[in-house]
Amino acid sequence: MIGEKILSLKERLISEANIVEMMLARSVEGLLEGYSDKLFEVIRLEKDINRIEIEIEELCTNTIALFQPEAKDLRTVLMIYKINNDLERIGDQAVNISESSQYLIERPELRILKSIARLSKESIAMIRDSIRAFIDEDNELAITVCVRDATVDELHEAIVKELIEQMRDEPQIIERALHIIRISRNLERVADLATNIAEDTIYMISGKVIKHQTAEES
Amino acid sequence: MVQKVLRIIDFSASYGDGRVVSNVNLEIEDNKITAVMGPSGCGKSTLLRAVNRMHELHPNATVEGRIMLKDKDIYRMNPIMLRRQIGMVFQRPNPFPTMSIYDNVIAGYKLNGIKLSKDERDNIVEKSLINAALWSEVKDNLHKRGTFLSGGQQQRLCIARALAMKPDILLLDEPTSALDPKATAFIEELIVELKKSVTILLVTHNIAQAARVSDYTAFLFLGELVEFGVTERVFTVPTDRRTEEYLTGKFG
Amino acid sequence: MCINKIEWRIIKDRVFLLLLIIIALVSIVPLGFILYFLIIKGAPAINWEFIIAGPKPYGISGGGIAHAIVGTLILIILAALLSVPAGLSIGLFLAENRKSKLAYWVRLGVDILQSIPSIVIGIIVWSWIVKPMRMFSAFSGGMALGLMMLPVIVRSTEETVRLIPYSIKEASLSLGVPYYRTVLKVILPAGLSGIVSGILLSIARIAGETAPLIFTAFGSRFMNLDIFKPVESMPLLIYRYASSPYQDLHTMAWGASFLLVVLVLTLNITAKGVCRRWCRKY
């Protein structure tokens, strides 16, 4: 009985993750290709994600109240509850990216966007892999996601540094640059959230707590 | 309009001067499992037995109010005919000791002198044992005595015996409290399967069982119906303080 | 020699155990003697003629006790016909209604019946049946023996039915089976072994009764199948032959005694065997 309940919880979570991944990808595509309708779609989907988040929270609460899961079942339900929250936050980041993008696509493009493209590719890949690690219960894959967070942090800092220099030389780009910095921070935050998901997945699989540790310690 | 096969209306039951069930109003939905839970002595067993008028076997049993089975007042019916429409399974498995497994399943027909052809009998026995998830374990030993089975198997035999009469409602009085955890889990899954074909009223003192198995839960305390609702809601956000205290273990 | 407290206690224990064993053996000894005597004295009398033939006229040797064997059987059957249905019904009634006033008085009545001396029962049946009918008969003998069997059957039926768990009755009633059918088809079969062994024991009890038959069945020298005429029974025959002056009649009495004891022992052992095989432990 509880096996079925947990399976359906996982399925709900995975379809939420698919929507969120799609939102993220669309928001970046909208920015890079200049299509505003993709950005609108992302903003519209925010309501759906909020609704799904509440549904999954209720389902988790009911599962614990009615079935008193233990051991791995308990860890699974608790982690689904947490990952659910993280996914909603990723959705928020995608919406923020879309809002900033709407400002940017109406104005001339800055060449830093190439770096943004690279950063977004990395962040989106981390999300995909963390969700895959959850589905497949793949410990190793989850660990690689945690390690890659450092790379994303570096990319983000490089973008900020370059933009600050550019702003000094060309003050007319300041507004655009600020939006791009915002987008970069959103993408860096997305990578952090992917790392959270990976850490929660590791806890669910093996019961090991690796958050707040450095790469060497884990 | 959702079908309600059983409606309990302003119902009270007493033994002599002692009132055991007070003014209960309950509507049982078709093909769903309704659990009645509560501390010992709260009247839940009496309420269950009132539905098939088994509580009348005690001297000085009196009732007030009505219980309607498919819109017929059961207290105006012949109790014998009523009990043939309602199946009951008890706390301790009680297969008839002198009868074989086969005879136990169709005991309801045999003991009542209802004539059936051999094919009809074989059919009923097989179907009932399949529905009770016991067929594969006993199909080669149908003519052995029922008392050689394990506790969980005996209880499933009793379930098959009740199902053989094709009842509208199945009354379960703490059906797993005499069984080990494995047999208990097996029977809980069986009960959830069974609700597709029969409406189930389950009395249990095991809160977790009521949570796992039932669609609706009623909480009875000192003979009164304190709370009734969808199980998920009763267990996560109970509306009555007494329900909350019972669920968090403050009494019972 | 110094014996300390513990050793003293152990010795006392052992002595006590030994005493118990000796007393137990001593009480079996008389039984052993009885059986021994019966076999020694009675076995020589047993042959086919003894069992099959009726008695020869006085003075002529030979003959048998067939008429007594048949008579005893007739009396047992008559007594059972009277006492078994009544005993079962009363026993069931008492088991199902423990607390009612009527049950109290019935139980008291049955207990009193059990303690009435057998000869008094014989006299009572004589005045109820033999006197109005103006003849001795197997029928009246069967009545008297039936009255003696009744309390035993009532008691064993009541005890057996009481042992049947209430849950079996509940199960039957919950299937919509009326009360009378529940009793006939569920409770009685479940208690059958206890009830049957009770009946066998009651037969064993009356098989050897003599006193009540003196005024009722009276005894006879002829083989008789008419229940309204006097009939011979084994205990009566033993009494008569043993008190006669003839030696070969004495031998026959020993033979009859032997057969009677064999019958009673067989009934007792069967009763126990029935119980061991079929008595259910709840």
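Chains as they are written, first to last, in numbering that gives the first Met the number 0: chain A, 0 to 217; chain B, 0 to 251; chain C, 0 to 281. We treat Cβ as the ideally placed atom computed from N, Cα and C, and that holds for glycine.
CB-CB under 7 Å to residue i, same chain, minus the five flanking residues each way: which ones, in chain order?
{"i": "M203/A", "result": "R74, T75 and M78"}
{"i": "A197/A", "result": "S129, A132, A141, V144 and C145"}
Compare the C-beta of residue i with all C-beta atoms of chain C and state if any pair is closer than 8 Å.
{"i": "P96/B", "result": "yes"}
{"i": "I79/B", "result": "yes"}
{"i": "L313/B", "result": "With chain B covering only 0 through 251, there is no way to say anything about residue 313/B."}
{"i": "R120/B", "result": "no"}
{"i": "G37/B", "result": "no"}
{"i": "R155/B", "result": "no"}
{"i": "F89/B", "result": "yes"}
Does residue i have its Cβ less than 8 Å from a Cβ in chain A?
{"i": "F234/B", "result": "yes"}
{"i": "E231/B", "result": "yes"}
{"i": "R211/B", "result": "yes"}
{"i": "E125/B", "result": "no"}
Spatial neighbours of residue i within its chain, please: CB distance less than 6 Å, with the 5 preceding and 5 following residues excluded, ordered by chain position.
{"i": "G53/C", "result": "A65, H66 and M222"}
{"i": "V20/B", "result": "S11, A12, G42, T45, L46 and G222"}
{"i": "L23/A", "result": "A93 and I123"}
Answer yes or no: does any C-beta atom of chain B fall closer than 8 Å to that of residue i?
{"i": "S100/C", "result": "Strictly speaking, residue 100/C in this sequence is Lys, with Ser absent from that position. Not one chain B Cβ lies under 8 Å of K100/C."}
{"i": "A65/C", "result": "no"}
{"i": "L77/A", "result": "no"}
{"i": "A64/A", "result": "yes"}
{"i": "R180/C", "result": "yes"}
{"i": "A170/C", "result": "yes"}
{"i": "M21/A", "result": "no"}
{"i": "V109/C", "result": "no"}
{"i": "S196/C", "result": "no"}
{"i": "I186/C", "result": "no"}
{"i": "G175/C", "result": "yes"}
{"i": "N83/A", "result": "no"}
{"i": "I167/C", "result": "yes"}
{"i": "A94/C", "result": "no"}
Classify residue i: buried if its beta carbon has 16 or more other beta carbons within 10 angstroms, exposed otherwise.
{"i": "L264/C", "result": "exposed"}
{"i": "G222/B", "result": "buried"}
{"i": "M282/C", "result": "For chain C, the structure presents residues 0 to 281; residue 282/C sits outside this window and is missing."}
{"i": "I173/A", "result": "exposed"}
{"i": "T247/B", "result": "exposed"}
{"i": "A42/C", "result": "exposed"}
{"i": "P56/C", "result": "exposed"}
With DSSP run on the structure shown, which of helix, strand or coil describes residue i?
{"i": "I6/B", "result": "The question names Ile, but residue 6/B in the sequence shown is Arg. In the structure shown, R6/B sits in a strand (DSSP, three-state: E or B)."}
{"i": "G175/C", "result": "coil"}
{"i": "E125/B", "result": "helix"}
{"i": "G62/C", "result": "strand"}
{"i": "R65/B", "result": "strand"}
{"i": "T203/B", "result": "strand"}
{"i": "R106/C", "result": "helix"}
{"i": "L224/B", "result": "strand"}
{"i": "M166/A", "result": "helix"}
{"i": "S11/B", "result": "strand"}
{"i": "I45/C", "result": "coil"}
{"i": "S213/B", "result": "coil"}
{"i": "K280/C", "result": "Residue placement at K280/C cannot be trusted, given a pLDDT of 48 that sits under 50; what the coordinates show is reported in the next sentence. Note: K280/C maps to coil in three-state DSSP."}
{"i": "V119/C", "result": "helix"}
{"i": "T247/B", "result": "coil"}
{"i": "V137/B", "result": "helix"}
{"i": "S155/C", "result": "helix"}
{"i": "D102/B", "result": "helix"}
{"i": "P54/C", "result": "strand"}
{"i": "D225/C", "result": "coil"}
Just to confirm the assignment, what range does the alpha helix (DSSP H) spanning residue i have?
{"i": "T194/A", "result": "I173 to S205"}
{"i": "I53/A", "result": "S35 to F66"}
{"i": "D172/B", "result": "Counting along the chain, D172/B falls outside any alpha helix (DSSP H), though it belongs to the beta strand (DSSP E) covering I168 to D172."}
{"i": "E20/A", "result": "I1 to E32"}
{"i": "S21/B", "result": "Looking at the DSSP string, S21/B is not in any alpha helix (DSSP H); the run it does join, the beta strand (DSSP E), is G17 to E28."}
{"i": "I190/B", "result": "P180 to L193"}
{"i": "T75/A", "result": "A70 to I104"}
{"i": "E121/A", "result": "L112 to D135"}
Output the boundary residues of the beta strand (DSSP E) element that contains residue i.
{"i": "I85/B", "result": "I85 to V88"}
{"i": "A216/C", "result": "That residue, A216/C, is in no beta strand (DSSP E); it is neither H nor E in DSSP."}
{"i": "T33/B", "result": "I32 to M36"}
Using a Cβ-Cβ cutoff of less than 8 Å, which residues in the same chain neighbour residue i once the five nearest sequence positions on both sides are dropped?
{"i": "K168/C", "result": "T181, V185 and I186"}
{"i": "I179/A", "result": "S99, L103, L109, I111, L112, I115, I158 and L162"}
Hey, is residue i's beta-carbon within less than 8 Å of any beta-carbon in chain E?
{"i": "V191/B", "result": "Note that chain E does not occur in the displayed structure, where the protein chains are A, B and C."}
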